[in-house]
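*Asks:*
Protein chains: 4
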Amino acid sequence: MQRSSERSSKGKGTSVWAEVAARGTPLAERLRAVRDVTRNLAEPLSAEDCAIQSMPDASPVKWHLAHTTWFFETFIVSKAAPERAPFHPAFRVLFNSYYNAVGEKHPRPQRGLLSRPSLDEVLAYRAHVEDALLELIAANRLDAAMLRLVELGIQHEQQHQELILTDLKHMLSCNPLKPVYRKTWPLTSIQTMPAAWIRVAGGEKRIGHEGAGFSLDDFEIASRPVTHGDFIDFIEDGGYRRPELWLSMGWDTVNARAWEAPLYWEKRDGEWHTFTLHGMVPVERNTPVCHVSFFEGDAFARWAGARLPTEAEWEVASQRASPEGNFQESGALHPLALREAPAAGEIAQMFGDVWEWTRSDYAPYPGFRIAEGAVGEYNGKFMVNQYVLRGGSCATPASHIRATYRNFFPADARWQFSGVRLARDA
Amino acid sequence: MQRSSERSSKGKGTSVWAEVAARGTPLAERLRAVRDVTRNLAEPLSAEDCAIQSMPDASPVKWHLAHTTWFFETFIVSKAAPERAPFHPAFRVLFNSYYNAVGEKHPRPQRGLLSRPSLDEVLAYRAHVEDALLELIAANRLDAAMLRLVELGIQHEQQHQELILTDLKHMLSCNPLKPVYRKTWPLTSIQTMPAAWIRVAGGEKRIGHEGAGFSLDDFEIASRPVTHGDFIDFIEDGGYRRPELWLSMGWDTVNARAWEAPLYWEKRDGEWHTFTLHGMVPVERNTPVCHVSFFEGDAFARWAGARLPTEAEWEVASQRASPEGNFQESGALHPLALREAPAAGEIAQMFGDVWEWTRSDYAPYPGFRIAEGAVGEYNGKFMVNQYVLRGGSCATPASHIRATYRNFFPADARWQFSGVRLARDA
Amino acid sequence: MQRSSERSSKGKGTSVWAEVAARGTPLAERLRAVRDVTRNLAEPLSAEDCAIQSMPDASPVKWHLAHTTWFFETFIVSKAAPERAPFHPAFRVLFNSYYNAVGEKHPRPQRGLLSRPSLDEVLAYRAHVEDALLELIAANRLDAAMLRLVELGIQHEQQHQELILTDLKHMLSCNPLKPVYRKTWPLTSIQTMPAAWIRVAGGEKRIGHEGAGFSLDDFEIASRPVTHGDFIDFIEDGGYRRPELWLSMGWDTVNARAWEAPLYWEKRDGEWHTFTLHGMVPVERNTPVCHVSFFEGDAFARWAGARLPTEAEWEVASQRASPEGNFQESGALHPLALREAPAAGEIAQMFGDVWEWTRSDYAPYPGFRIAEGAVGEYNGKFMVNQYVLRGGSCATPASHIRATYRNFFPADARWQFSGVRLARDA
Amino acid sequence: MQRSSERSSKGKGTSVWAEVAARGTPLAERLRAVRDVTRNLAEPLSAEDCAIQSMPDASPVKWHLAHTTWFFETFIVSKAAPERAPFHPAFRVLFNSYYNAVGEKHPRPQRGLLSRPSLDEVLAYRAHVEDALLELIAANRLDAAMLRLVELGIQHEQQHQELILTDLKHMLSCNPLKPVYRKTWPLTSIQTMPAAWIRVAGGEKRIGHEGAGFSLDDFEIASRPVTHGDFIDFIEDGGYRRPELWLSMGWDTVNARAWEAPLYWEKRDGEWHTFTLHGMVPVERNTPVCHVSFFEGDAFARWAGARLPTEAEWEVASQRASPEGNFQESGALHPLALREAPAAGEIAQMFGDVWEWTRSDYAPYPGFRIAEGAVGEYNGKFMVNQYVLRGGSCATPASHIRATYRNFFPADARWQFSGVRLARDA
């Protein structure tokens, strides 16, 4: 059974460039701010919107609201303030995601069967635990290890903010009424930006937050992600009907699920449309393609005479790129087209817009150690049949991403804002 | 994919004994009363409770509220008052159950994915269509055929009242919090009532609303349904582990689904408990067993040296029984024990408490004709792999049932209030 | 997974018209003759042909050869001659079909995994048990009950002769080489025979071997089965694409399995062909259609403005038909066209050619009792979700069939030589 | 559907240490010798043994015999001698494994449905193509590229020799008679050999046949594989019941398939037995454990406080190990215990006995290029969700293996002779 709602966050949990700013902001304030963002994401939604689970891989919004709270209650409040009764004794099981060390858990595919607790009760649960936590911080009752767990909990909450958006999008897309989450639509019409190959020198490199050593050959990487327009060309050239373009398992998947285009695409009157958090819209050729699986990214690359980058290549290349991008905060909630041509040799849109599939499986870096105790389950136990994505997407909080951040999903997953950047040997 | 939320209602749609009374009550008044009951059933529920679908066979309460309204809008209002715009153009598809002649329908297993329309919108839809319909009745704009359809719609709504309760029960049972729908619990402690065999003479009989001829041998039928206590004896005698007691397909089902007791049963501290609409309660030996499949009823009967009655036997026997019983109106929403010993030769609890499985498949009576048009789909198209149940249950409205009423479900269905009465050859 | 390779043989196991002849033939001689037929059926086959199982519903020929022998060894030889060691101790489990009372059984879907025992060993097993049995008969060591079991075993073996042919046909059809079982092809070109409606009077009737009473309305039945040509008309009129023609469950099946024509049909160069035991041949319009499911028969009937006959109707009508027909012995192994026009009022091809689906589920006749002991499992345990077919097919031994013979299969089964005859209310 | 019967053979297809010897042996002679081995493997088997497919992942022996011949016919004979008619026109499709460029292929899960062609015909096919090929070699009609394809075909045939044994073992294991493939049983009783940790220095390394550069930290690796005895300790310590030891997907697999021990294990009278090609035998504690999945290897390592080695670690360590081992030629067809204690610092049993799981996914080395044309499909298209195994097993031909040889299987595969060697950070 597939699952992947949790992401590994190696290191101390602050993004490379946000670190200084973050260090300047008191923990309590950041905690409050991140929690507010989560609540705001749910604000336009009804209790019904928050209760429904549209597939086993996705969770109801209400569950995300509760589970992020459960994390703080279970790992911090209940330990640092054992005198407090839990908000509700059953929540320990009900909102455990997969921490076996914490005990029983409610089965993932049945998260959508819980009409109770109500959304209101879950919001009360949030307030209750948040208050307790802020009180503990204010009273200096948390030691260094506990404070690191608060940092981890903040990161964890930000991961679930992204999942709230992707899971919600999937749920709304199943409704023939194609409901609109946010009415605003920030797309501006712009010119096509041709892709260029940027050469990157290899040699001895260090990657990851703790700098694992790596020896790399020279390679070339595309100056921008594959666009919706590129992908339409692939489709029109029979991309989904030519087995020679696909991994064997990818070809089986294409046939078993009758894929003919990325997730959420529909042809209306001969033109491709796609479902967004702003409703159904025509596919805009100049924006980065998203909602493609590893299999589709790999097949597209083969069709284009290229390949996916390795994780190390991606990270080395990203060191030349601007950390700015189209993140959750822009409100676009959809990949945007480049507005200006990048300078020669510049690598654009590495961060934000779409998570970019790499050809690397999600494996431990050398010397990787799993943390002790239940939190240790947070990393490591998903290190099989998962592929790394890098760079964050339009659903990722800006302060959450960093150049070394490893996201991962199975090769057939499509409901994240996942896209493709090409690479090739130099 | 199996489905069975619709029941055939052969004949003119009034119960044999309620007919006189019903004829006395104006149609508009009855319509209003039945619609009020439906709304009242949903009254203790939150929007979240009404939105969730717990399995493909069951539908969300909100869907039932909308679909029963859709019936009146589609078959009556839109025909008799074509000048009126539909309440919402998408509802024609969204709340169609299976009437292919009406056009597209939303897939049954995805009824639980609809957070929109909201419960409030659905209640507004109900009010809107109800008003239009009452207006048409008041204005005498409905001809005789249309009035018969209103009667059919009332019956249809009552069927869905029962399904609201059974589907809701299933949904709540999936929640580890085991929520309570109604707090009141009407059970009174009473004495065990031993079962007796009642001999019924055969011969030429007429059954069904239109009186199909039938030749019947003498037979014996039990004076009361099988009780929970009887069924515990069966379990303790290894009933679920002895293949010789089961139909071949029943035995496969027992193993594939790991059945060890009726649906909703759980052993707590060595004692059987069951989930009810009043929460988890200990199993009460003297009440009729419910939530058993045809397979379990058949195996129990074999274990007891008896068999299930045929549909004809059941109907002939029922002519000697009182039409009174424990129906939805009692508020018990659970089968009740007999409070007084029946007189010698009396057949007790034929009506209400639990639907009783017969060994007869749901086939047309001789001369059966499918009605013309979309409403014709209402009957007939489920006449394969379904077994007839008779007598109504504690979830059935009293005015809905009648002696000739044929309910039907597949042999493995258990989420209805379905029980067993034994028969044997004379 | 449901299975149904065993047929109930109510009564004493001789056909009504073959009875006199049969009574005249000594049991030993008939036993030897029937056993020889089985062996001859396997004669054109290689060991590999006999070993393979093409689907869970079908068994390898080798298994049929062994299982029919197992029946005689288990129920007769091991009881009447307990001093004899079993041929092989593991065969009791390995070749048990479903007799739970005999003990463990090898799982049905894994019958094709048995490369050992070899075909030669199974043939030796056959000879060994046959010799023992003939010796017991010759020595008068079998009492009346045992002799009845020998009769039952002969009937049982004949049932499996038919299954050898149908299961083999299915297996060969899976091979892209489309192998030929028998080269001879007996079809002669003939004229189309129009169907007529024959009126049959109802009233009090007795059906079944033991004459259960039945009250029947007047009805009409077609003078011949539906032909391949009729069925092509149905297909060309969109029969497989019109939901209103199908039972709800039938329509689901059509879609889930992508049915577009009867089993074994393939369009080659715009013309329908079908796989037969003589290889691929063009579909011949004048022959009775076969390899259709109950669902397809029912949909065809609805399309034709008719219905399937009930079992009682079929049997009453068959009393006016000739018991002669195209059975296994003809060597055609395919339904044949009528060579001469039937006389006015004559009902043709009731026996042989194709089993005819009735609309009646396979339920016990009144007063039906299951036999004691393991042989009792032979009947009864399949009486759910099965529909009765009547009349025998081109794969049925002529001496096996009789007017009261009830065959049964689930509504989606197609690999038997199953066809359709229409009926309608008078 | 997963498949993996083909292995990548990077480079020129001769083993490092066998190269000199091999170069000394003329190609024709080696071809003949390898083809003879294949035929000899099938020699103790009946036509039935060769026809049956026991699961979609495994193929019938007959299919392997034909497919290895198909490779030579399709890629060499039909190209170099186009004047020759193919042996049988349908074989091009029937015995294509997965080369989409060659055209249609028979579905893998249906390879066991082919009773025709018979084993005899397949053997004739083998002789026919072999003769043609030898003739072409003798006549010097093959250019250098074609001769490389012959080498590739020899390697390919050796891979299938191993699969013949593993697939056959699985098929025989499904038979309750537990048939014996070879009677001889070479195990000699020996002493337990304790495992030691061997330290290996890291630094810049080159791995793979073409020497990809790699930077490696120091690490330690076990002096011998995990034994059956070690694995029994794991089982007895609750290894299969402790979720904290497993990858999340591994734990789901353990539960879904009810794994309690390696494949083929059965407890008889309280003692573990296992099925071998010599029949059922008691598990021998001192032999390397085999038939474990990646998931089980990973969980065992976690239990032992260690981890699986990476592919690079394994290869670097193997450079210190003897290339000799227990290969197919020994006739043991089962892992053997060490007979002598290894010298201090020696790494034993790296080659032969069991394939050793690494923690590395099967990904291309830097600069990897897929070969042009149909043969190109031979590599590359399986590079997703596969993990690398190294070192060969007791079923691998000795001349086939080499230190750089990469085998790969999905994380849940168990029917290969797959085992575990532990590693840990230095």
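Heads up: the protein sequence lines correspond to chains F, G, H and R, in order.
Under the working numbering, the residues of the first sequence are numbered 1 to 426, in order.
Under the working numbering, the residues of the second sequence are numbered 427 to 852, in order.
Under the working numbering, the residues of the third sequence are numbered 853 to 1278, in order.
Under the working numbering, the residues of the fourth sequence are numbered 1279 to 1704, in order.
Yeah, the Cβ is synthetic: ideal placement off N, Cα and C, and Gly gets one too.
1. So with CB distances below 7 Å, who are the chain G contacts of K1233(H)?
2. Going by the DSSP bridge assignment, what does P714(G) pair with across the sheet?
3. Just grab the DSSP bridge partners of W415(F) for me.
4. Checking contacts by CB at 7 Å: is D1515(R) closer than that to chain F?
5. Sorted by chain position, which residues of the same chain lie with C-beta nearer than 6 Å to A1473(R)'s C-beta, five sequence neighbours on each side aside?
6. Considering just the uninterrupted stretch of the beta strand (DSSP E) at I624(G), what are its terminal residues?
7. Suppose you measure from the CA of Q158(F) to the CA of F231(F); what does that come to, to the nearest Å?
8. Are the beta-carbon atoms of I580(G) and L457(G) separated by less than 7 Å?
9. Quick one: give me the first and last residue of the beta strand (DSSP E) that A1500(R) is part of.
10. Judging by CA-CA distance, which residue of E561(G), E755(G), Y791(G) and A511(G) is the nearest neighbour of D779(G)?
11. In angstroms, rounded to a whole number, what distance separates the CA positions of A1263(H) and A1110(H)?
12. In its own chain, which residues sit with a C-beta less than 6 Å from the C-beta of F1179(H), not counting the 5 before and 5 after it?
13. How big is the Cα-Cα spacing for P430(F) and N40(F)?
14. I need the straight-line Cα distance from C1026(H) to L1391(R), nearest angstrom please.
15. Using a Cβ-Cβ cut-off of 7 Å, state whether S115(F) counts as contacting chain G.
16. Using only alpha-carbon positions, find the residue among A885(H), W1103(H) and L985(H) that is nearest to S930(H).
17. Along chain R, which residues have their Cβ under 7 Å away from the Cβ of N385(F)?
18. Looking only at C-alpha atoms, which of H1678(R), G1528(R) and Q1439(R) sits nearest to Q1321(R)?
19. Of the choices Q745(G), E499(G), A506(G) and A758(G), whose alpha-carbon is the least far from that of A516(G)?
20. Please tell me whether G1069(H) has its Cβ less than 7 Å away from any Cβ of chain G.
21. Residues of chain H with CB closer than 8 Å to the CB of G1390(R), please, in chain order.
22. Are the C-beta atoms of G639(G) and some chain H residue less than 7 Å apart?
23. Between A312(F), E236(F) and G325(F), which lies nearest to G270(F) when the distance is taken from Cα to Cα?
24. Could you have a look at D1277(H) and say whether DSSP puts it in helix, strand or coil?
25. Which residues bound the beta strand (DSSP E) around V384(F)?
26. Note the first and the last residue of the continuous beta strand (DSSP E) segment covering D787(G).
27. Please identify the residue among M619(G), E474(G), V519(G) and Y525(G) whose C-alpha is closest to the C-alpha of H532(G).
28. Quick one: which chain F residues come within Cβ less than 8 Å of L491(G)?
29. Using a cut-off of 8 Å between C-beta atoms, extract the partners of L689(G) located in chain F.
30. Roughly how many whole angstroms lie between the Cα atoms of P1364(R) and R1426(R)?
31. DSSP puts H1125(H) in a beta bridge; with which residues?
32. Could you spell out the range, first to last residue, of the beta strand (DSSP E) harbouring I1485(R)?
33. Beta carbon of A1643(R), beta carbon of A1423(R): below 7 Å?
34. Is it buried or exposed, Q812(G), if we count other Cβ atoms within 10 angstroms and call 16 or more buried?
35. Out of curiosity, what's the CA-to-CA distance linking A1610(R) and H1556(R)?
*Replies:* On the basis of the coordinates in this document:
1. L673 and S674
2. T653(G)
3. For W415(F), which the question treats as bridged, DSSP gives no partner whatsoever.
4. no
5. Its chain contains A1500, S1501 and R1502 as the residues whose beta carbon lies nearer than 6 Å to that of A1473(R), once the 5 sequence neighbours on both sides are disregarded; these appear in chain order.
6. W623 to V626
7. 30 Å
8. Contact flag set, yes.
9. F1497 to A1500
10. E755(G)
11. 16 Å
12. G1204, T1248 and A1250
13. In the structure displayed, chain F extends from 1 to 426; residue 430(F) sits before or after that span and is not available.
14. So the two alpha carbons sit approximately 7 Å from each other.
15. yes
16. L985(H)
17. M1527, N1663 and A1689
18. Reading the sequence as shown, one finds Glu at residue 1321(R) and not Gln. The closest CA to that of E1321(R), considering only H1678(R), G1528(R) and Q1439(R), is found on Q1439(R).
19. E499(G)
20. Residue 1069(H) is actually Asp in this sequence, not Gly. It does: the Cβ of D1069(H) has a partner Cβ on chain G nearer than 7 Å.
21. I904 and G964
22. yes
23. E236(F)
24. Here D1277(H) sits in strand by DSSP.
25. Looking at the DSSP string, V384(F) is not in any beta strand (DSSP E), and its letter there is neither H nor E.
26. W781 to D787
27. Per the C-alpha coordinates, the member of M619(G), E474(G), V519(G) and Y525(G) positioned closest to H532(G) is V519(G).
28. Under the 8 Å cutoff, chain F gives no residues; its nearest Cβ is about 13 Å from L491(G).
29. None at all; the shortest Cβ gap to chain F is about 16 Å.
30. Roughly 22 Å between the two C-alpha positions.
31. For H1125(H), the beta-bridge partners assigned by DSSP are E1118(H) and P1134(H).
32. G1481 to I1485
33. Reading the sequence as shown, one finds Tyr at residue 1643(R) and not Ala. Result no, Cβ atoms of Y1643(R) and A1423(R) do not sit closer than 7 Å.
34. It counts as buried.
35. Here the alpha carbon of A1610(R) sits roughly 9 Å from the alpha carbon of H1556(R).
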